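> Encoded as structure tokens, here's the structure I'll be asking about.
Number of protein chains: 2
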Amino acid sequence: MRLLLPAGTTETALVDGISAAGATPELMKHTPSADAEILAYGQPVAAPVTPVSPNGCPTPAAVTRAVREVCEFDVSIVDAGLAEPTAAPTVDLGVDPGADIRESTPVPDAASIFDRAATYASSLPDDDLVIGETVPGGTTTALAVLTALGEPAAVSSSLPANPIERKRRVVDEALEASDLRSGGLDGQPLEAIERMGDPVQATVMGLVTGALEADIDVTLAGGTQMIAVAALLRHAGLEGPLSIATTSFVADEQGDRLGEACYRLNCELTVTDPGFDEREHVSMERYCAGEAKEGVAMGGALSLVSEDRLPTVLDRFEVVCDRLGIDDERARPPTEGERGS
Amino acid sequence: MRLLLPAGTTETALVDGISAAGATPELMKHTPSADAEILAYGQPVAAPVTPVSPNGCPTPAAVTRAVREVCEFDVSIVDAGLAEPTAAPTVDLGVDPGADIRESTPVPDAASIFDRAATYASSLPDDDLVIGETVPGGTTTALAVLTALGEPAAVSSSLPANPIERKRRVVDEALEASDLRSGGLDGQPLEAIERMGDPVQATVMGLVTGALEADIDVTLAGGTQMIAVAALLRHAGLEGPLSIATTSFVADEQGDRLGEACYRLNCELTVTDPGFDEREHVSMERYCAGEAKEGVAMGGALSLVSEDRLPTVLDRFEVVCDRLGIDDERARPPTEGERGS
Chain A
1 MRLLLPAGTT ETALVDGISA AGATPELMKH TPSADAEILA YGQPVAAPVT
51 PVSPNGCPTP AAVTRAVREV CEFDVSIVDA GLAEPTAAPT VDLGVDPGAD
101 IRESTPVPDA ASIFDRAATY ASSLPDDDLV IGETVPGGTT TALAVLTALG
151 EPAAVSSSLP ANPIERKRRV VDEALEASDL RSGGLDGQPL EAIERMGDPV
201 QATVMGLVTG ALEADIDVTL AGGTQMIAVA ALLRHAGLEG PLSIATTSFV
251 ADEQGDRLGE ACYRLNCELT VTDPGFDERE HVSMERYCAG EAKEGVAMGG
301 ALSLVSEDRL PTVLDRFEVV CDRLGIDDER ARPPTEGERG S
Chain B
1 MRLLLPAGTT ETALVDGISA AGATPELMKH TPSADAEILA YGQPVAAPVT
51 PVSPNGCPTP AAVTRAVREV CEFDVSIVDA GLAEPTAAPT VDLGVDPGAD
101 IRESTPVPDA ASIFDRAATY ASSLPDDDLV IGETVPGGTT TALAVLTALG
151 EPAAVSSSLP ANPIERKRRV VDEALEASDL RSGGLDGQPL EAIERMGDPV
201 QATVMGLVTG ALEADIDVTL AGGTQMIAVA ALLRHAGLEG PLSIATTSFV
251 ADEQGDRLGE ACYRLNCELT VTDPGFDERE HVSMERYCAG EAKEGVAMGG
301 ALSLVSEDRL PTVLDRFEVV CDRLGIDDER ARPPTEGERG S
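Each protein sequence line maps, in turn, to chains A and B.
For the first sequence, counting from 1, position 142 maps to 142 in full-length UniProt numbering; every step adds exactly one.
For the second sequence, counting from 1, position 163 maps to 163 in full-length UniProt numbering; every step adds exactly one.
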């Protein structure tokens, strides 16, 4: 099994208030580079920041890394449009960062990205691939392509209160900039990415297509962003089964919509619950409060963990958090008694 | 433990008859890209060639990969001047391929490569690094920098009959092109690389320096090319212990010179014998006949294998050779009886 992590950036992520993938918008462009380093090395190496939400919730890369330290699978990080350097080893497919979807053509080379990603994946000797993503603002571009395709448009958020109305306004502006109406790119997935999407979508779509052509099993590791990729693949005419693995945090937020989307897209759905509610650790509490939820293949990585090894993974997640400088004691809000002393 | 593999190319490698790292000079520029893919994936993925010598000896990457499949260590491939694309994930330190040492300045940015490699290595969270190399023509550039430093210049070869006189002629031309005499860059290691060396030397030298500054243990995994790096480090004023791990094939060829060089440079030497002579496999026979000998961290990787696991590694090497299309039966020269039939 190999985990592929396409990592990219867009200027769409800079729209105020749509993403929690970084403490500030300026730091957010470093998030995918830092996520790649955390997955490759266990901590940031060259990236100047450890990705935490404004409320101190650590990046899901910390969870995926914890699983990897216990379960030991291969990882290849794919540069799907990084804007900042990373010290992580990356596969270079010549992908540029995405522009703002409120411009007419945010991903002008979507078709050639797709082709290069497909060629790469079809050459891999692996039997199974788990494909994740790290791209700040990715649920907004997911909403945008779903809208362009005319698919029911429900997406998750890395924020506890999903700023869905804000995202819809961005998508409306994007439609206008691209001179499109909702559903105007039905059956034209690469055009949908080119005019409304992000380079990570083109990369993941290509990876899945190439892998399936080469009879490699694929699991899409993510939430509503991977629903959008599944919709893109169906609009490209892909038949045959697809599989998505995501976290219980996405499933809890989405309710029935997640299963309905998977049913409509003929996707097998695996929901993984890491059992964070059974521990008292500030990072796990943040996830239980609805922050971050998913990303960096967290749900797919957790789907590899057998029940008896889950406690070991949770212990390891605490170690990774320590290493990232997320100290449980200092980060935990003071209790009444402590405040009084 | 993490294996770092700086992979690069030079135009020096195109000098006729100095390297066996590829079936033809035109294919040789793909060798480090293919080696990186074999180490990362177990076989070439995008590279158009499987590196074998003109006599059919497979690249040492196949041995290192076999060890990795049994012993499971982390790998980071560093782009130290690749000339051709690779599908392997690589750490990008902005290193260009080296020019021909018969030009005045084959590595104009040696000092900045050194700095970037040192910064990268000093940031790694690992306790131990094994640092190898893959660069065709690397023993010729090793001979060149040793000569420039005024060190005893003995180098190994990937060919069974070391074309050492040919290499010396190239080095003489390189000295002339750089307006240097033997020993003219005593105590000036970065200048020696800039005017007589290759970008992989600057990268390895930087990686070692950065790692040691960060109290990370380092093993130089290679033969006489790593002797040259050790000499460069000593000329840079590095004190403290150094360690080299190489194969018995290099040790057999070099005789007393290897131990003497290590003694002079205060390098602990580990020689690993993979026991290829106890098997009947065409690839192992080629190594026993003195081909390839070392490279892609082969000796360092083998030093990680305990005696009881060595048979498993040899079995796995046969599997890797099969996967690379090196079929023992077809590659083996026909016996008398077979020829007669």
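Don't be surprised by glycine CBs; every beta carbon is placed ideally from N, CA and C.
Predicted model, so just to flag it, every value in this text is computed and none were measured.
1. Name the two residues that bound the continuous alpha helix (DSSP H) containing Ala-231(A).
2. Please tell me whether Leu-124(A) has its Cβ less than 8 Å away from any Cβ of chain B.
3. In whole angstroms, what is the alpha-carbon distance linking Ala-80(A) and Leu-233(A)?
4. So, is Asn-266(A) buried or exposed, given that buried needs 16 or more other C-beta atoms within 10 angstroms?
5. Identify every run of the alpha helix (DSSP H) within the region 283 to 318 of chain B, keeping only runs that are complete inside it and at least 4 residues long; order them along the chain.
6. Spatial neighbours of Cys-71(B) within its chain, please: CB distance less than 6 Å, with the 5 preceding and 5 following residues excluded, ordered by chain position.
7. Does the region 179 to 188 of chain B come close enough to the region 146 to 160 of chain B that 3 or more CB-CB pairs lie under 8 Å?
8. Gly-210(A) and Ala-87(A): beta carbons closer than 8 Å?
9. Where does Leu-220(A) sit, in a helix, a strand or coil, going by DSSP?
10. To which residues of the same chain is Met-1(A) closer than 6 Å at the C-beta, ignoring the five residues directly before and after it?
11. Using DSSP's beta-bridge definition, name the partner residues of Val-52(A).
12. Name the chain B residues that come within less than 7 Å of Gly-42(A), Cβ to Cβ?
13. Grab me the residues of residue 361(A)'s own chain with a C-beta within less than 6 Å of its C-beta, minus the 5 sequence neighbours each way, in chain order.
14. Are Pro-6(A) and Val-204(A) closer than 8 Å when you measure CB to CB?
15. Would DSSP call Ala-40(A) helix, strand or coil?
16. If the criterion is Cβ atoms closer than 8 Å, does the pair Pro-106(B) and Ala-21(B) meet it?
17. If you follow the alpha helix (DSSP H) that Asp-92(B) is part of, which residue opens it and which one closes it?
18. Quick one: residues in its chain with C-beta nearer than 7 Å to the C-beta of Arg-316(B), no 5 flanking neighbours on either side, listed in chain order?
19. Show which residues of chain B have a CB atom less than 7 Å away from the CB atom of Ala-87(A).
20. What residue does the alpha helix (DSSP H) around Glu-260(B) start on, and which one ends it?
21. Check the Cβ of Ala-46(A) against every Cβ in chain B and list those closer than 9 Å, keeping chain order.
22. Less than 8 Å between CB atoms is the rule here; does Ser-157(B) satisfy it with respect to chain A?
23. Check this for me: beta carbons of Ala-46(A) and Glu-37(A), under 8 Å apart or not?
24. Leaving out five residues on either side along the sequence, give the residues of the same chain with a beta carbon under 8 Å from the beta carbon of Arg-309(B).
25. For Glu-72(A), would you say it is in contact with chain B, using Cβ-to-Cβ distances shorter than 8 Å as the test?
26. Alpha carbon to alpha carbon, how far is Ile-18(B) from Pro-125(B)?
27. Check the Cβ of Ile-164(B) against every Cβ in chain A and list those closer than 9 Å, keeping chain order.
28. If we define contact as Cβ-Cβ less than 8 Å, is Arg-339(B) a contact residue for chain A?
29. Here's a check: name, in chain order, each residue in its chain whose Cβ is nearer than 8 Å to the Cβ of Glu-268(A), leaving out the five neighbours to either side.
30. Taking 8 Å as the CB-CB limit, is Val-130(A) close to chain B?
31. Can you pull the chain A residues whose beta carbon is under 8 Å from the beta carbon of Ser-19(B), in chain order?
32. Does Val-95(A) come out as helix, strand or coil in the three-state DSSP assignment?
33. Taking just the CA atoms, how far does Thr-139(A) sit from Arg-102(B)?
34. Using a cut-off of 7 Å between C-beta atoms, extract the partners of Ile-77(A) located in chain B.
35. Once you ignore the five residues that flank Asp-35(B) on each side, which residues in its own chain have a CB closer than 7 Å to its CB?
36. Determine whether the beta carbon atoms of Gln-43(B) and Ala-154(B) lie at a separation below 8 Å.
Well, looking at it:
1. Against the first sequence, residue 231(A) aligns to sequence position 231. For Ala-231(A), the enclosing alpha helix (DSSP H) starts and ends at 224 to 235.
2. As a first step, residue 124(A) must be located in the first sequence, where it is residue number 124. Leu-124(A) counts as touching chain B.
3. Against the first sequence, residue 80(A) aligns to sequence position 80. Against the first sequence, residue 233(A) aligns to sequence position 233. Distance from the CA of Ala-80(A) to the CA of Leu-233(A), rounded to the nearest whole angstrom, comes to 18 Å.
4. Counting from 1 along the first sequence, the entry for residue 266(A) is found at position 266. It counts as exposed.
5. Qualifying alpha helix (DSSP H) stretches, in chain order: 298 to 302.
6. As a working mapping, residue 71(B) is identified with position 71 in the second sequence. For Cys-71(B), where only same-chain residues beyond five positions count, the Cβ hits under 6 Å are Leu-304.
7. They touch, by the three-pair rule.
8. In the first sequence, the residue the question calls residue 210(A) occupies position 210. In the first sequence, the residue the question calls residue 87(A) occupies position 87. No, they are not a contact pair.
9. Walking along the first sequence from the start, residue 220(A) turns up at place 220. Of the three classes helix, strand and coil, the one that applies to Leu-220(A) here is strand, per DSSP.
10. Locating residue 1(A) in the first sequence gives position 1, where the first residue counts as 1. So the qualifying residues of the chain are Phe-73, Asp-128.
11. Locating residue 52(A) in the first sequence gives position 52, counting from the first residue. Bridge partners of Val-52(A): Pro-58(A).
12. Locating residue 42(A) in the first sequence gives position 42, where the first residue counts as 1. Around Gly-42(A), the beta-carbon contacts reaching into chain B at under 7 Å are Pro-125.
13. Nothing about residue 361(A) can be reported from this structure: the residues present for chain A run from 1 to 341 only.
14. As a first step, residue 6(A) must be located in the first sequence, where it is residue number 6. As a first step, residue 204(A) must be located in the first sequence, where it is residue number 204. It is a contact, given that the beta carbons lie within the stated cut-off.
15. Residue mapping note: residue 40(A) aligns to position 40 of the first sequence, counting from 1. Shown here, Ala-40(A) sits in a helix according to DSSP, grouped into three states.
16. The residue given as residue 106(B) occupies position 106 in the second sequence. The residue given as residue 21(B) occupies position 21 in the second sequence. Cβ atoms of Pro-106(B) and Ala-21(B): not closer than 8 Å.
17. Sequence index remark: in the second sequence, residue 92(B) carries index 92 (1-based). Judged by DSSP secondary structure, Asp-92(B) falls outside any alpha helix (DSSP H) and instead within the beta strand (DSSP E) spanning 90 to 92.
18. By 1-based counting over the second sequence, the position of residue 316(B) is 316. Taken in chain order, the residues that qualify are Ala-66, Glu-69, Val-70.
19. Taking the first residue of the first sequence as 1, we reach residue 87(A) at position 87. Think of a sphere of 7 Å around the beta carbon of Ala-87(A): the chain B residues whose beta carbon falls inside it are Val-91, Tyr-120, Ser-123, in chain order.
20. Taking the second sequence and counting its residues from 1, one reaches residue 260(B) at position 260. Unbroken alpha helix (DSSP H) run through Glu-260(B): 256 to 264.
21. The residue given as residue 46(A) occupies position 46 in the first sequence. Residues of chain B passing the Cβ test: Thr-119, Tyr-120, Ser-123.
22. As a working mapping, residue 157(B) is identified with position 157 in the second sequence. Under the Cβ distance rule, Ser-157(B) does not count among the residues neighbouring chain A, no pair being separated by less than 8 Å.
23. Translated into the one-based positions of the first sequence, residue 46(A) becomes position 46. Translated into the one-based positions of the first sequence, residue 37(A) becomes position 37. Cβ distance < 8 Å, so Ala-46(A) and Glu-37(A) count as in contact.
24. Along the second sequence, read from residue 1 onward, the residue named residue 309(B) stands at position 309. Same-chain partners within the cutoff: Val-70, Cys-71.
25. What you label residue 72(A) is simply residue 72 of the first sequence in a count that begins at 1. Flagged as an interface residue toward chain B: Glu-72(A), by a C-beta distance shorter than 8 Å.
26. Position 18 of the second sequence, counted from the start, is the residue given in the question as residue 18(B). Position 125 of the second sequence, counted from the start, is the residue given in the question as residue 125(B). Cα-Cα distance, rounded: 38 Å.
27. Numbered from its first residue, the second sequence carries residue 164(B) at position 164. Taking a Cβ-Cβ threshold of 9 Å, none of the residues of chain A is close to Ile-164(B); the smallest such distance is about 36 Å.
28. For the purposes of this step, residue 339(B) is identified with residue 339 of the second sequence, where counting begins at 1. Any answer about Arg-339(B) is weak, because its pLDDT of 38 lies below 50 and its placement is not dependable; what the coordinates show is given next. Not an interface residue.
29. By one-based count along the first sequence, residue 268(A) stands at place 268. The answer, listed in chain order, is Pro-241, Leu-242, Ser-243, Ile-244, Cys-262.
30. Sequence index remark: in the first sequence, residue 130(A) carries index 130 (1-based). Answer no: the Cβ-Cβ gap between Val-130(A) and chain B never drops below 8 Å.
31. By 1-based counting over the second sequence, the position of residue 19(B) is 19. Annotation: Ser-19(B) has no Cβ neighbours in chain A at a cutoff of 8 Å; minimum Cβ distance is about 26 Å.
32. Residue 95(A) sits at position 95 when you count from the first residue of the first sequence. Assignment of Val-95(A) by DSSP, reduced to helix, strand and coil, places it in the coil class.
33. Locating residue 102(B) in the second sequence gives position 102, where the first residue counts as 1. Locating residue 139(A) in the first sequence gives position 139, where the first residue counts as 1. Approximately 55 Å, taken between the alpha carbons.
34. On the first sequence, residue 77(A) is found 77 positions in, with the first residue counted as 1. The contacting residues are Pro-89.
35. One-based indexing of the second sequence puts residue 35(B) at position 35. Around Asp-35(B), the same chain offers Ala-7, Pro-51, Thr-59, Ala-61, Thr-134, Val-296 as residues with beta carbons nearer than 7 Å, after the five sequence neighbours per side are excluded.
36. For this step, residue 43(B) is matched to residue 43 along the second sequence. For this step, residue 154(B) is matched to residue 154 along the second sequence. With a cutoff of 8 Å on beta-carbon distance, Gln-43(B) and Ala-154(B) are scored as not near each other.
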